Amino acid sequence: MNDMTPIATTLKDWETDQEVRWCPGCGDYAILKAVQRTLPQIGADPKNTVFVSGIGCSSRFPYYVESYGFHTIHGRAPAFATGIKLANPELDVWLVTGDGDGMSIGGNHTMHVLRRNLNCQIMLFNNEIYGLTKGQYSPTSRLGTPSPSTPLGSVDRPASPCAFALGSGARFVARGYDVSKELPSVLKAAYEHQGAAFIEIFQNCIVYNKDRFDDFTAKAVADEMQLWCTDGQPLLFAKGAKGLALDTATLTLKVVDVVDGDWQAAGVAVHNVKNRGLAHMLVEMPFGAFPMALGVIYDDPRPTFESVVAEERRKASANKDADLGKLLAKGQTWTVEETATHGLMD
Amino acid sequence: MATLSAEKATTAQPEATSPEAVVVRFAGDSGDGMQLTGGQFTLSTALAGNDLATFPDFPAEIRAPQGTLFGVSAFQINFGSSEITTAGDAPDVLVAMNPAALKTNVQALKPGGLVIADTGEFNKRNLEKAKYETSPLEDGSLSKWDVLAFDISALTLESVKAFGLGNKEALRCKNMWTLGLALWMFDRDRAPLIDWLRGKFAKNPVLADANIAALNAGHAYGETAELAGPLRKLHVDPVPAEPGLYRTITGAEAVSLGLVAGARLAGLPMFFGGYPITPASAILHNLVKMKEFGVTTFQAEDEIAAICSAIGASYAGQLGVTSSSGPGIALKGEAMGLAIMTELPLVIVNSQRGGPSTGLPTKTEQSDLYQAVYGRNGDAPLPVIAARSPADAFECAIEACRIATQFMTPVILLTDGYIGNAAEPWKVPDPATFAPFPVSFLEAGNNGEGPVLPFKRDDRGVRPWIKPGTPGLMHRIGGIEKGIDTGAIDYSPDVHQSQTEARKAKVDAVALAVPAQEVSLGDVSGKLAVIGWGSTFGPIHQAVRRARRKGLDVSHIHVRHVWPLPRNLGDLLKSYDRVLVPEMNTGQFKTVLRDQFLVDARPLNKVSGQPFTIAEIEAAIEDMLA
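Protein chains in written order, with this note's numbering: chain W, 1 to 346; chain V, 1 to 626.
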């Protein structure tokens, strides 16, 4: 977020005249709406907002937001964003990437944009599949995923985007999913975080990986399998009937039953967004035995890359004369006189 | 102390001769400080008013195993009292710090040339490493040359004894001892080097004193040792140069300064995204020290991120620049296509090296011409400029900035390892004489009340540059084919046909905005044109000059604008009976010329990692005219 006067806009102001070309029922529609709903809430200014994407279904996103937008090349959006933000730190930069774009071909750039802490929002749409290339398994696909390139089921284990982000030095890690009504509040928190804010958004690919996330997003299981993290609040789920506690013997989290709402008696841990160790445990919990941790899991700002670069440039330039003539004549020079004799200048 | 070889071809030069030009090569272990010695000798040569050209030649390994043949590092300088455009063919003097340096370099020495060798290093172990069965200093195998062999190691140790250095540190002063001797031989002033040593070792005055003592001892050795024979003073007269302020400049420095000047002439801050690679890193190292000129440097995580960040900066309204060498340029290819497709300004500097793949990281070659002109997917034209010398690289960098910003296109600037590392005297230009080319950003809509048209072309086919942050001009760009004017996704058949043609026409039109091709030396028609590009300028120029002195009808044409080619070049080439194209590749420019003009261009190719010698090109000219 930048220090700018909030601009009054409505959802409509953020819609373009472009025909949206995602498959009917794609989770991307819901994410687009959530973003267009969030932007007026945070007072974003269309002229100072830039959406940057790579390649993939999700990367068509910039065409559908009435702001500046750059649809770049596969996996490289973080590098473009870095140049944009260093050139003009006043711009509000949103990255749109996917599990293939951001974790596979562009994994290197994802790591470095997080490590450097460029002030931007990184939305990684995770549908656990390559959609635009017709359904191959992706680096986040679960073991055994059958696909055109893995007809017998995938044999390599999936990467965990949030664990990768924390390992890369991210200072903000959050999770949401496409149709969640909480998604705008997660995006808002990401926007308010100064620095690289990483948001993994589980997204339903209606064609190639339909209902993949039903095991925690379906209405019937949502309460039981979703744990929404709120800073300063106990880590409760199942309508408060269960919680997460620290197993001091193994230094891992464990699920405990909460009787009569007395979560303290059950030893339920209180969420602290600045606790990096807890964040690691929350994103690494094996799903099934544990619920899916959602919401703002980690949020502990550090100076942003562009501010440090600007400060370094300011210090290095202080009291220095930007005289091109002097620059060209630097070093040891000599003068050739009209008479073709010569002398040492300096 | 001095042991002169018994039999040698005496050159019988008189005392303090004044040759027109002298070529000296310093060769030693990569840890011996040969590049430093050469660099300082270059500076003293420039200060003495000689014109000069240098050729640093070093191994890819930072510290190759001591004494080995592949660990030899050499630095050649050609200096003289008339115009010097090459590093010289064969050295007159070879300073060999060990047997391996002698073995790998002596064959290049002119017959009758002088070898100065350090006997302290010609021990059994080093001779074995250099694969000598007997010492060449004693077995008569060097009889073609004058040999001056004495124990430089022992003399150096003696000269720095007073400073209490360890043996290893003391021997590190050998290069300064040798430099002192060379300064005496060529009648050079020691004062600037003493100043330089004091500055370099400001934090360690003992080392400064020791190095200065070694330098003085080497000089005194020449002055006082009773030496007969080959060691004699040579005085090279200053070249009559155009009056003005001069400095020495390497190609990497010239590119850096040219980019800074170019960005200023465009009225833009500069963003430089780079990734370490030999021999291009020097540009990043230079620019990082120029922050006060509005330069932001970014060492990216890889070559791709380096160019993508630069494109991002151009999109945001700065002048994006990236730089690399062949392998890194290959990685940048896809992003170049995006810059072509989105029509954003960008300067890409390729300091070429020997290829393919990792190839010859520290050796020079011109084999990335196809890569520059054709090396992208799709029909993806962009202008290509080639610098011909270190000093020329300054103007070329400005030209690249001009074309990139005026035509909204990426531009490739080709230099090579030779240009990048070599130094030459440079008459410092006055910035007031540079013609500015300020850019203007679109500030208001170009479509009445309708949405902005980011790809509406002007009469030169150039689209407007629109910075994010500009009110009311929000729009989207990307790598997918786009509709005429609107930039909205549209890959219908007619649109792609039309946009492909428009991108080509825009780049073709650059030829109208650059000077017509001139003839560097000779006539505008005749029996033979020798046409080159890039760092072959020196040897071609000298070879043509020599051939013309012999009365041969030959002219030299040197092309800066490799793509699009100058508009008159085809007609010019057709006005000669024959065309010869010397290149440090297997004939890439030759193919381009044949394709563009249907001329019978004949190749002369060299891919040994070493520049052409004048003699090689001269022989080819004589063959063509025989």
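The beta-carbon is built from N, C-alpha and C at its ideal position, and this holds for glycine as well.
These numbers were taken from a predicted model, which means no experiment stands behind them.
Rounded separation between residue i and residue j - CA only
i         : j         : result
Cys401(V) : Phe537(V) : 23 angstroms
Ala228(V) : Gln542(V) : Because Ala228(V) carries a pLDDT of 48, less than 50, the predicted location of this residue cannot be relied on, and the following value inherits that uncertainty. Cα to Cα, Ala228(V) sits roughly 35 angstroms from Gln542(V).
Asn649(V) : Asn585(V) : No statement about residue 649(V) is possible, as the shown extent of chain V runs from 1 to 626 and does not include it.
Gln588(V) : Tyr374(V) : 11 angstroms
Ala316(V) : Leu278(W) : 38 angstroms
Gly169(W) : Gln226(W) : 25 angstroms
Val689(V) : Leu155(V) : Any property of residue 689(V) remains undetermined from this structure, which presents chain V solely from 1 to 626.
Thr224(V) : Leu234(V) : 16 angstroms
Ala60(V)  : Ala310(V) : 28 angstroms
Pro431(V) : Lys326(W) : 10 angstroms
Pro471(V) : Lys47(W)  : 5 angstroms
Pro139(W) : Ala620(V) : 58 angstroms
Ser5(V)   : Gly551(V) : Note that Ser5(V) has pLDDT 35, beneath the 50 cutoff, so the model's placement of it is unreliable and no number is given.
Val259(W) : Ala266(W) : 8 angstroms
Ala339(V) : Ala391(V) : 29 angstroms
Trp177(V) : Ile152(V) : 8 angstroms
Gly326(V) : Ser357(V) : 8 angstroms
Met34(V)  : Gln40(V)  : 10 angstroms
Ala502(V) : Val349(V) : 25 angstroms
Asn447(V) : His496(V) : 22 angstroms
Gly333(V) : Thr72(W)  : 14 angstroms
Span of the alpha helix (DSSP H), counted from its first residue to its last, around residue i
i         : result
Thr291(V) : Note that residue 291(V) is Lys in the sequence shown here, rather than Thr. Element bounds for Lys291(V): n/a, residue is neither H nor E.
Val308(W) : Phe305 to Ser317
Thr68(V)  : Element bounds for Thr68(V): n/a, residue is neither H nor E.
Gly570(V) : Leu569 to Lys574
Glu253(V) : Gly251 to Ala266
Lys181(W) : Run containing Lys181(W): none; DSSP gives neither H nor E here.
Phe172(W) : Looking at the DSSP string, Phe172(W) is not in any alpha helix (DSSP H); the run it does join, the beta strand (DSSP E), is Phe172 to Tyr177.
Glu224(W) : Lys219 to Met225
Thr591(V) : Gln588 to Phe597
His219(V) : Pro205 to Thr224
Cβ distance (whole Å) where residue i is taken to contact residue j below 8 angstroms
i         : j         : result
Leu137(V) : Thr119(V) : 7 angstroms
Ile398(V) : Gly262(V) : 4 angstroms
Ile201(W) : Ala190(W) : Their Cβ separation, rounded to whole angstroms, is 11 angstroms, which puts Ile201(W) and Ala190(W) out of contact at 8 angstroms.
Ala313(V) : Ala163(W) : Their Cβ separation, rounded to whole angstroms, is 32 angstroms, which puts Ala313(V) and Ala163(W) out of contact at 8 angstroms.
Thr433(V) : Thr248(V) : Wrong, their Cβ atoms sit about 21 angstroms apart, outside the cutoff.
His193(W) : Phe213(W) : 25 angstroms between Cβ atoms; not a contact.
Thr297(V) : Leu287(V) : 5 angstroms
Thr631(V) : Gly273(V) : Any question about residue 631(V) goes unanswered here, given that chain V covers just 1 to 626.
Ala159(W) : Ile297(W) : Their Cβ separation, rounded to whole angstroms, is 17 angstroms, which puts Ala159(W) and Ile297(W) out of contact at 8 angstroms.
Minimum C-alpha distance to residue i - residue among the options
i         : options                                       : result
Trp184(V) : Asn123(V), Val236(V) and Gly33(V)             : Val236(V)
Gly320(V) : Tyr370(V), Gly337(V), Ile249(V) and Leu259(V) : Leu259(V)
His558(V) : Pro566(V), Gly112(V) and Leu552(V)            : Pro566(V)
Ser141(W) : Met281(W), Gln203(W) and Thr38(W)             : Gln203(W)
Gly240(W) : Leu246(W), Ala249(W), Val255(W) and Asp247(W) : Val255(W)
Tyr208(W) : Glu338(W), Thr133(W) and Val268(W)            : Thr133(W)
Ala422(V) : Gln107(V), Val206(V), Ile77(V) and Thr250(V)  : Thr250(V)
Met270(V) : Asp257(W), Arg313(W) and Pro301(W)            : Arg313(W)
Gly88(V)  : Asp368(V), Val106(V), Leu102(V) and Phe55(V)  : Phe55(V)
Thr368(W) : Phe237(W), Val52(W), Ile122(W) and Met281(W)  : Beyond the ends of chain W as shown, which are 1 and 346, falls residue 368(W); an answer cannot be given.
Bounding residues of the beta strand (DSSP E) (the contiguous stretch that carries residue i)
i         : result
Ser73(V)  : Val72 to Gly80
Leu528(V) : Gly526 to Trp533
Arg388(V) : Taken as a continuous stretch (DSSP letters only), Arg388(V) belongs to no beta strand (DSSP E), as it is neither H nor E.
Asp667(V) : Since the first residue shown for chain V is 1 and the last is 626, residue 667(V) is missing from the structure and cannot be characterised.
Gly69(W)  : Tyr68 to His71
Leu102(V) : Note, Leu102(V): premise wrong, no beta strand (DSSP E); alpha helix (DSSP H) at Pro99 to Asn105.
Point to revise | Positions along the stretch 40-69 of chain W whose CB lies within less than 7 angstroms of some CB in chain V | key: Under the 7 angstroms Cβ criterion, the stretch 40-69 of chain W contributes Pro46, Lys47, Asn48, Val50, Pro62, Tyr63, Glu66, Ser67, Tyr68 and Gly69.
Practice item. Could you please tell me which residues of the stretch 413-429 of chain V, in chain order, have their CB closer than 7 angstroms to any CB of chain W? Key: Val428 and Pro429
**Study point:** Residues of the stretch 65-94 of chain W with Cβ closer than 7 angstroms to any Cβ of chain V, in chain order
**Key:** Listed in sequence order: Glu66, Ser67, Tyr68, Gly69, Phe70, His71, Thr72, Ile73, Arg76, Ala79, Phe80, Ala81, Thr82, Gly83, Ile84, Leu86, Ala87, Asn88, Glu90 and Leu91.
**Study point:** Chain-ordered residues of the stretch 137-169 of chain V with a beta carbon less than 9 angstroms from chain W
**Key:** none
Check your understanding: Can you list, in chain order, the residues of the stretch 310-325 of chain W whose Cβ is nearer than 7 angstroms to any Cβ on chain V?
Key -> Listed by position along the chain: Arg313, Ala316, Ser317, Lys320, Ala322, Leu324 and Gly325.
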